[in-house]
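Just so you know, we're using our numbering here: the sequence shown kicks off at 2 and counts up by one.
Input: a single structure, listed below in C-alpha cells.
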Amino acid sequence: MVQIRSKNMGYPGSCSNAHVDEMAANAGQDPYTSTNPRETSVEEMKKLYIAAFYGLDVNF
Numbered sequence: 002m003v004q005i006r007s008k009n010m011g012y013p014g015s016c017s018n019a020h021v022d023e024m025a026a027n028a029g030q031d032p033y034t035s036t037n038p039r040e041t042s043v044e045e046m047k048k049l050y051i052a053a054f055y056g057l058d059v060n061f
C-alpha cells in the first residue's frame, strides 16, 4: 500500500476548516458519492479529509 500524505508533499501545515467544509459539502452533492461502498455523511467526509491530510487512521 502506498501512503501519500498531503502535508508530506509540501502543502501547508494546516487544513482550513472553511475549505474542509466546502469540500465535504461538494462531495456530499457529487453524484459519484452514491456509488461508494457505504453511505457517508458530510460530517464523515470532513473527518476523512482531515485524516487523509494529517495521515491519521480512519476509525469511524
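Glycine included, each C-beta is placed from N, C-alpha and C at the ideal position.
Since we're looking at a predicted model, the values are computed, not measured.
For the alpha helix (DSSP H) containing residue i, list its first residue and its last residue.
i, result
"residue 54", "43-55"
Could you tell me if the beta carbon of residue i falls within a distance shorter than 6 Å of some heavy atom in the ligand NAD?
i, result
"residue 43", "This structure lacks the ligand NAD; in fact it carries no ligand of any kind."
Is residue i helix, strand or coil by DSSP?
i, result
"residue 37", "coil"
"residue 22", "helix"
"residue 60", "coil"
For residue i, is the classification buried or exposed, using 16 other Cβ atoms within 10 angstroms of its Cβ as the cut-off for buried?
i, result
"residue 25", "buried"
Judging by CA-CA distance, which residue of the options is the nearest neighbour of residue i?
i, options, result
"residue 22", "47, 60, 58", "47"
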